[in-house]
Amino acid sequence: MLDPTHIRFVLNGAETELTVDAAELLVDMLRGPCKLKGTKRSCDVEVCGACTVLVDGLPVSSCTTLAIDIDGKKVTTIEGLSQNGKLSKVQQAFLDHAAMQCGFCTSGMVLATTALLEQKPHASEAEIRHFLHGNICRCTGYVKILEAVKSLV
Amino acid sequence: MFLVPFTHHRPASLDEVFETLGRHGDDAAVYAGGTELLLALKARVLRYEHLIDLKQVKELSGIRVEGKELVIGALATHHQIANSDVVKAHVPAYAALSEEVANIRVRAAGTLAGNLAFAEPHSDPPSLLSAMDATLVLVSPGGKRAVPMRAFILSEFTTAREENELIAEIRIPVTAAGEGFAYRKFGHLERPAVGASAGCIMREGKPSYRLWFGAIGDHPLQATEIEDAIAGVPATSLPDVLPRAARDCAAGISTASDLHGSADYKQHLASVLIQRALAAACEAAQNKGGANA
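Protein chains in written order, with the working numbering: chain A, 8 to 160; chain B, 193 to 485.
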């Protein structure tokens, strides 16, 4: 029994309207109809952070969020960070510090970092570690990631 | 994993929620953050024909102080609680715990009420809320009733909540001058293997202590053996009696070896963590109930 619902939300700055099924997960809506493949599905149980997107500025796991629950909200994915072809400060810092290996966790790391700096522009190392502890880099490239984030505070 | 299709409802008032629940009975579940329910639905552990989103029900929102109690509405997320100036000022140890729940994504979406209603044993809030003597207000079409946190969780995933009841709010006594609380936990996974909560309450220079374990059993456990052993002992003399009492009590906890660790490892954690929690609670009590962590 499908339950199609019309939702309106702001996706990476653009007013967006879509009809989604009630049981559709945000990660599937983004990677499917929205064609935004930068959001990665990995653990599927809110633990790893690869599917992180920002909803009204806060990180959420898109693997465990209903698409209909973003009705009326602002969603930012990794594709929404660069402006006019210019990388955001966080993206540029990750690039400058080679803060990625396979890259699968990078979207989530960059978005979580973006949310952290919005809340705490001068976060301490302890605050950075605490905020990012829920984002797993399975290549274990944490030293470079930490260096990149520390360069921004 | 994908969800089995369901019909979604978004009521705007409690009356509407109960009307929808009444119509669908066992086939319906309520949710707010969805951080617990959606996992269970994806894993096909639970299945419902109807999901009722509570997020538009204004009666369930808000964080405020009423008299000597902090009142946390059922829709308050862990992130909102952790960052609330009201919570930080009046029940600082609980604000600190909220900041340590799971990860930022779960804190941003998940609610305290949802966490308690789900009653997953490996959870942070219940032991500290028990030590703080918090109360849950449950609402049903018939009215409201208050249930002490200590009596709410019956066993794993089982609570005193009836099927036609919702958690409306969580009421926590404001931490007064001369009182201190603290929570300590450890685990290798996202959820705590063991949690320990302590309260130190000074009245006319005499201390009393409240000690609770979380996550190690299927519901929060009061450490009455330790409480009895240290009753009336001044905080400065605790090192003489606490280590042995904590060790003996922890060794007697019935727990199973599982993903979180072997039984004796978890008992060891319980002994260490309860001592650390109590030391922090005593320090906070000396600071007149401020700066708990």
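All C-beta atoms in this analysis are idealised placements derived from N, C-alpha and C, irrespective of residue type, glycine included. Bear in mind that the values here come from a model prediction, so they are computed numbers and not experimental data.
Requested in this report: Go ahead and pull the three-state DSSP assignment for arginine 38 of chain A.
Outcome: In the first sequence, the residue the question calls residue 38 of chain A occupies position 31. DSSP places arginine 38 of chain A in helix when its eight states are reduced to three.
Query - Pairwise C-alpha distance: serine 290 of chain B and alanine 343 of chain B - result: Here residue 343 of chain B is taken as the residue at index 151 of the second sequence, counted from 1. Here residue 290 of chain B is taken as the residue at index 98 of the second sequence, counted from 1. As the crow flies, the alpha-carbon of alanine 343 of chain B is around 21 Å from that of serine 290 of chain B.
Query raised in the report: Is alanine 290 of chain B helix, strand or coil when you go by DSSP?
Result: Taking the second sequence and counting its residues from 1, one reaches residue 290 of chain B at position 98. Strictly speaking, residue 290 of chain B in this sequence is serine, with alanine absent from that position. Residue state, collapsed to three classes: helix.
Query raised in the report: Closest by CA to histidine 314 of chain B, which one among B:Val279, B:Phe378, B:Pro384, B:Thr447?
Result: Taking the first residue of the second sequence as 1, we reach residue 314 of chain B at position 122. If we check each option's Cα against that of histidine 314 of chain B, B:Pro384 comes out closest.
Query raised in the report: Got a sec: which bits of the stretch 295 to 321 of chain B sit with their beta carbon under 7 Å from any beta carbon on chain A, in order along the chain?
Result: The residues in question are Asn295, Ile296, Arg297, Val298, Ala300, Ala301.
Query raised in the report: lysine 377 of chain B by DSSP, collapsed to three states: which one?
Result: In the second sequence, counting from the first residue as 1, residue 377 of chain B sits at position 185. Reduced to three states, the DSSP call for lysine 377 of chain B is strand.
Query raised in the report: Under 9 Å Cβ-Cβ, which residues of chain A neighbour valine 293 of chain B?
Result: Working through the second sequence from its first residue, we reach residue 293 of chain B at position 101. For valine 293 of chain B, no chain A residue has a Cβ inside 9 Å of its Cβ, as the nearest lies near 11 Å away.
Query - Every unbroken alpha helix (DSSP H) within the stretch 394 to 475 of chain B, with a cutoff of 4 residues, ordered by chain - result: The stretch 394 to 475 of chain B contains, as complete alpha helix (DSSP H) runs of 4+ residues, the segments 416 to 421, 430 to 443 (chain order).
**Report entry** C-beta neighbour in chain B for aspartate 103 of chain A, strict 8 Å
**Finding:** Within the first sequence, the letter at position 96 stands for residue 103 of chain A. It does not: the Cβ of aspartate 103 of chain A has no partner Cβ on chain B nearer than 8 Å.
Query - Alpha-carbon spacing of valine 97 of chain A relative to alanine 29 of chain A, whole angstroms - result: Taking the first residue of the first sequence as 1, we reach residue 97 of chain A at position 90. Taking the first residue of the first sequence as 1, we reach residue 29 of chain A at position 22. Each residue's alpha carbon lies about 34 Å from the other.
Query raised in the report: Thinking just about the alpha-carbon of each residue, which of B:Tyr457, B:Arg215, B:Val209 is nearest to the one in lysine 250 of chain B?
Result: Counting from one through the second sequence, the residue named residue 250 of chain B turns up at place 58. Nearest of B:Tyr457, B:Arg215, B:Val209 to lysine 250 of chain B, Cα basis: B:Val209.
Query raised in the report: From which residue to which residue does the alpha helix (DSSP H) around valine 209 of chain B run?
Result: The residue you call residue 209 of chain B lines up with position 17 of the second sequence. Run containing valine 209 of chain B: 206 to 216, per the alpha helix (DSSP H) assignment.
Requested in this report: Report yes if the C-beta distance between glycine 391 of chain B and arginine 402 of chain B is below 8 Å; otherwise report no.
Outcome: Translated into positions along the second sequence, residue 391 of chain B becomes position 199. Translated into positions along the second sequence, residue 402 of chain B becomes position 210. In this structure, arginine 402 of chain B lies closer than 8 Å to glycine 391 of chain B by Cβ.
Requested in this report: Please list, in chain order, all residues of the same chain as cysteine 109 of chain A whose beta carbon is under 6 Å from its beta carbon, the five residues on each side excluded.
Outcome: For the purposes of this step, residue 109 of chain A is taken as the residue at position 102 of the first sequence. These residues qualify, in order along the chain: Cys146.
Report task. State the start and end residues of the unbroken beta strand (DSSP E) segment that holds valine 283 of chain B. Result -> The count along the second sequence starts at 1 and reaches residue 283 of chain B at position 91. Per DSSP, valine 283 of chain B belongs to no beta strand (DSSP E) and is neither H nor E.
Requested in this report: Could you check the C-alpha separation between serine 131 of chain A and glutamate 396 of chain B for me, to the nearest Å?
Outcome: Indexing the first sequence from 1 puts residue 131 of chain A at position 124. Indexing the second sequence from 1 puts residue 396 of chain B at position 204. For serine 131 of chain A and glutamate 396 of chain B, the gap between their C-alpha atoms comes out near 40 Å.
Query raised in the report: Hey, does histidine 271 of chain B have any beta-carbon neighbour from chain A nearer than 8 Å?
Result: Start at 1 with the first residue of the second sequence, and residue 271 of chain B comes out as number 79. For histidine 271 of chain B, the answer is yes, since a Cβ of chain A falls inside 8 Å of its Cβ.
Report task. Taking valine 263 of chain B and arginine 363 of chain B to be in contact with their CB atoms under 8 Å, please state how far apart those CB atoms are, rounded to whole angstroms. Result -> Here residue 263 of chain B is taken as the residue at index 71 of the second sequence, counted from 1. Here residue 363 of chain B is taken as the residue at index 171 of the second sequence, counted from 1. Sure, about 5 Å apart at Cβ, within 8 Å.
Query raised in the report: Hey, is leucine 153 of chain A's beta-carbon within less than 8 Å of any beta-carbon in chain B?
Result: Position 146 of the first sequence, counting from 1, holds the residue named residue 153 of chain A. No, no contact with chain B.
Query - C-alpha gap between valine 331 of chain B and lysine 47 of chain A, whole angstroms - result: Counted from its first residue, the second sequence places residue 331 of chain B at position 139. Counted from its first residue, the first sequence places residue 47 of chain A at position 40. Approximately 40 Å, taken between the alpha carbons.
Query raised in the report: Just checking, does the stretch 100 to 108 of chain A make contact with the stretch 52 to 61 of chain A on the three C-beta pairs under 8 Å criterion?
Result: No, they do not touch.
Query raised in the report: From the beta carbon of phenylalanine 193 of chain B, is the nearest beta carbon of chain A less than 8 Å away?
Result: By one-based count along the second sequence, residue 193 of chain B stands at place 1. This sequence places methionine at residue 193 of chain B; phenylalanine is not what is there. Answer yes: the Cβ-Cβ gap between methionine 193 of chain B and chain A drops below 8 Å somewhere.
Query raised in the report: What residue ranges within the stretch 31 to 109 of chain A form continuous beta strand (DSSP E) runs of no fewer than 3 residues, ordered along the chain?
Result: Within the stretch 31 to 109 of chain A, the complete beta strand (DSSP E) runs of at least 3 residues are 59 to 62, 65 to 68, 81 to 83.
Query raised in the report: Using 8 Å as the Cβ pair cut-off and three pairs as the minimum, do the stretch 315 to 334 of chain B and the stretch 358 to 372 of chain B touch?
Result: Yes: the two stretches touch, three or more of their Cβ pairs being nearer than 8 Å.
Query - Unbroken alpha helix (DSSP H) run spanning arginine 299 of chain B, endpoints - result: In the second sequence, the residue the question calls residue 299 of chain B occupies position 107. Start and end: 296 to 301.
Report task. Indicate whether glycine 225 of chain B and threonine 269 of chain B have their beta-carbon atoms separated by less than 8 Å. Result -> For the purposes of this step, residue 225 of chain B is identified with residue 33 of the second sequence, where counting begins at 1. For the purposes of this step, residue 269 of chain B is identified with residue 77 of the second sequence, where counting begins at 1. Yes, these two residues count as a Cβ contact at 8 Å.
Report task. Spell out whether any CB of chain A is found under 8 Å from the CB atom of glutamate 382 of chain B. Result -> In the second sequence, the residue the question calls residue 382 of chain B occupies position 190. At a cut-off of 8 Å between beta carbons, glutamate 382 of chain B contacts chain A.
**Report entry** Inter-residue spacing [alpha-carbon to alpha-carbon] between serine 205 of chain B and glycine 265 of chain B
**Finding:** As a position in the second sequence, residue 205 of chain B is number 13, starting the count at 1. As a position in the second sequence, residue 265 of chain B is number 73, starting the count at 1. A direct Cα-to-Cα measurement between serine 205 of chain B and glycine 265 of chain B gives close to 14 Å.
Query - Span separating the alpha-carbon of leucine 320 of chain B from that of leucine 346 of chain B - result: In the second sequence, the residue the question calls residue 320 of chain B occupies position 128. In the second sequence, the residue the question calls residue 346 of chain B occupies position 154. Their Cα atoms are separated by approximately 16 Å.
Query raised in the report: histidine 452 of chain B: which of B:Cys441, B:Gly409, B:Ser429 sits nearest, CA to CA?
Result: As a first step, residue 452 of chain B is located in the second sequence; it is residue number 260 there, counting from the start. Distance check between histidine 452 of chain B and each of B:Cys441, B:Gly409, B:Ser429 places B:Gly409 closest, using alpha-carbon atoms only.
Query raised in the report: From threonine 447 of chain B to proline 412 of chain B, what does the alpha carbon distance come to, in whole angstroms?
Result: Along the second sequence, read from residue 1 onward, the residue named residue 447 of chain B stands at position 255. Along the second sequence, read from residue 1 onward, the residue named residue 412 of chain B stands at position 220. Near 12 Å, if we compare the C-alpha coordinates of proline 412 of chain B and threonine 447 of chain B.
Requested in this report: Determine, using beta carbons only, whether glycine 5 of chain A comes closer than 8 Å to chain B.
Outcome: Any answer about residue 5 of chain A is impossible in this case: the structure gives chain A only from 8 up to 160.
Query raised in the report: When DSSP labels each residue in this structure, what does alanine 483 of chain B get in the three-state scheme?
Result: For the purposes of this step, residue 483 of chain B is taken as residue 291 along the second sequence, with counting starting at 1. Confidence is the limiting factor: at alanine 483 of chain B the pLDDT is only 44, short of 50, which leaves the residue's position unreliable, though a coordinate-based value still follows. The three-state reading of DSSP puts alanine 483 of chain B in coil, since its state is none of H, G, I, E or B.
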